[in-house]
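Quick note: the sequence shown uses my numbering, first residue 39, plus one each step.
Contents: one structure, followed by commentary.
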Amino acid sequence: MLSLTFGLAAALAWACHDLLVRKLAQGGGILPMLLVVLVGGSVGLALPALVAGGWGAMTGAAFGWAALAGGAYVAGAGGLYQALGRAPVRLVAPILGSYPMLSLGIAAFGGKAVGAIEWGAVAFIVAGIGWVALGSREDASGTIRGRPAVALVWAAIGAVGFAATFALGQEAARSGAVFPAMVVTRLTATALILGLCLATGPLAPAPGTARILVAMGCLDALALGLVTAAAGLAHPEYAAVASALFGVLSIILARRFLNEHVTPRQWGGIAAVFGGIGVLSLQG
Numbered sequence: 039m040l041s042l043t044f045g046l047a048a049a050l051a052w053a054c055h056d057l058l059v060r061k062l063a064q065g066g067g068i069l070p071m072l073l074v075v076l077v078g079g080s081v082g083l084a085l086p087a088l089v090a091g092g093w094g095a096m097t098g099a100a101f102g103w104a105a106l107a108g109g110a111y112v113a114g115a116g117g118l119y120q121a122l123g124r125a126p127v128r129l130v131a132p133i134l135g136s137y138p139m140l141s142l143g144i145a146a147f148g149g150k151a152v153g154a155i156e157w158g159a160v161a162f163i164v165a166g167i168g169w170v171a172l173g174s175r176e177d178a179s180g181t182i183r184g185r186p187a188v189a190l191v192w193a194a195i196g197a198v199g200f201a202a203t204f205a206l207g208q209e210a211a212r213s214g215a216v217f218p219a220m221v222v223t224r225l226t227a228t229a230l231i232l233g234l235c236l237a238t239g240p241l242a243p244a245p246g247t248a249r250i251l252v253a254m255g256c257l258d259a260l261a262l263g264l265v266t267a268a269a270g271l272a273h274p275e276y277a278a279v280a281s282a283l284f285g286v287l288s289i290i291l292a293r294r295f296l297n298e299h300v301t302p303r304q305w306g307g308i309a310a311v312f313g314g315i316g317v318l319s320l321q322g
């Protein structure tokens with residue numbers, strides 16, 4: 039179904055984003071990086087938002103939902119970067135990748151009919167993501183900065199933040215229009231990150247990384263836009279579920295372009311993820 043297609047395309051965009059992160063020499067802080075990513079994505083959205091229009095359809099509720107989505111995005115992205123900055127992927131990725139369960143739970147809470155097969159398929163997807171992460175050799179020797187519990191808490195914040203971003207963003211699109219909702223979401227997130235940068239330290243990212251960060255921002259805006267645009271489709275929660283494949287796809291891309299090894303156990307997890315996606319595609 040189309041919602042799954044949007045989610046899979048979003049996952050691919052985020053996987054490419056993740057590949058660029060791997061290639062960066064991260065000499066700067068997290069907040070300046072996020073600021074450039076958000077500004078780059080906002081610039082990339084400007085022309086489509088002007089062409090598509092729809093601002094007249096934006097109600098007060100739509101602006102409110104979009105602004106809340108921007109705040110949730112800051113929590114999700116902040117949790118992601120903080121968790122990965124404190125602990126290896128194999129430890130925090132299973133929690134970060136659990137947000138499809140939260141997305142389905144939000145849909146059920148909102149009155150959507152969610153059957154046992156759908157819950158089982160999403161559980162299979164989350165388990166597969168966790169299995170891939172736990173089988174990662176890349177981070178087998180990774181060190182943990184501080185207490186592991188702190189990294190796990192940040193990972194949980196990231197998962198909740200992303201699930202809330204998708205749900206709130208889709209509600210904003212339903213209450214108004216897709217592109218204006220996306221612009222308000224990103225501008226809110228940008229303003230929050232700018233305020234944090236002004237309060238805590240430098241605004242500039244590490245030298246030589248600005249162009250890559252702008253490209254990452256465009257990929258991030260594309261991915262978030264696809265999940266948001268699924269609001270008008272059947273089973274919009276499936277887009278959020280499918281987008282969680284970005285972690286698995288980034289491993290596949292890293293194998294192809296960065297010559298990183300994928301173990302047989304990881305391939306088993308990848309097969310489980312795509313099996314779960316296949317089951318969901320049959321439900322629509």
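Ideal Cβ placement from N, Cα and C applies to all residues, glycine included.
Here the structure is a predicted model, which means the values were calculated and not measured.
With a cut-off of 8 Å on the beta carbons, I'd call serine 141 and valine 279 a contact; round off their distance for me. 6 Å
Contact belief for phenylalanine 44 with alanine 277 at Cβ below 8 Å, rounded distance in angstroms: 5 Å
How big is the Cα-Cα spacing for alanine 178 and phenylalanine 101? Because alanine 178 carries a pLDDT of 47, less than 50, the predicted location of this residue cannot be relied on, and no value is offered for it.
Should valine 112 and leucine 230 be called a contact, given that it needs their Cβ atoms to be closer than 7 Å? yes
What did DSSP end up calling arginine 293 once you bin it into helix, strand or coil? helix
Of the residues Leu57, Gly135, Ala268 and Ala51, which one's Cα is nearest the Cα of arginine 294? Leu57
DSSP three-state label for isoleucine 308, please. helix
Label arginine 249 either buried or exposed according to how many other C-beta atoms from any shown protein chain fall within 10 Å of its C-beta, with 16 as the threshold for buried. exposed
Distance, Cα to Cα, glycine 117 vs arginine 124? 11 Å
Would you decide whether proline 302 is buried or exposed? Buried here means 16 or more other CB atoms lie within 10 Å of its CB. exposed
Straight-line CA distance for glycine 108 to alanine 267? 16 Å
Give every residue of the same chain whose Cβ lies closer than 6 Å to the Cβ of serine 136, excluding the five residues on either side of it in the sequence, and list them in chain order. Val164 and Ala197
Tell me which residue opens and which closes the alpha helix (DSSP H) that proline 138 is part of. 137-147
Which first and last residues belong to the alpha helix (DSSP H) in which proline 218 is found? 216-238
Can you grab the Cα-Cα spacing for the pair valine 74 / aspartate 258, in whole Å? 12 Å
Unbroken alpha helix (DSSP H) run spanning valine 279, endpoints: 275-281
Given a cut-off of 7 Å on the beta-carbon distance, is the pair alanine 48 and leucine 287 in contact? no
May I ask you to report which of helix, strand or coil DSSP gives arginine 249? helix
By how many angstroms is the C-alpha of alanine 53 removed from the C-alpha of leucine 262? 13 Å
Between which residues of its own chain and proline 138 is the CB-CB distance below 7 Å, once the five residues before and five after are set aside? Val160, Ile163, Val164, Ala278, Val279 and Ala282
Reduced DSSP category for threonine 203 - H, G, I as helix; E, B as strand; rest coil: helix
Have a look at glycine 233 and isoleucine 308 and give me their C-alpha separation to the nearest angstrom. 39 Å
Leaving out the 5 sequence neighbours to the left and right, which residues in its chain are closer than 6 Å to leucine 271 when beta-carbon positions are compared? Leu40 and Ser41
Within 6 Å: the Cβ of alanine 215 and any heavy atom of the ligand NAD? Of the ligands one can find in the structure shown there are none, so the ligand NAD has no counterpart to examine.
For the alpha helix (DSSP H) that methionine 71 lies in, which residues bound it at each end? 68-90
Going by Cα to Cα distance, which pick from Ala51, Met71 and Leu46 is closest to threonine 247? Met71
Helix, strand or coil at leucine 50 according to DSSP, with G and I counted as helix: helix
Run of the alpha helix (DSSP H) containing alanine 115, from where it starts to where it stops: 98-124
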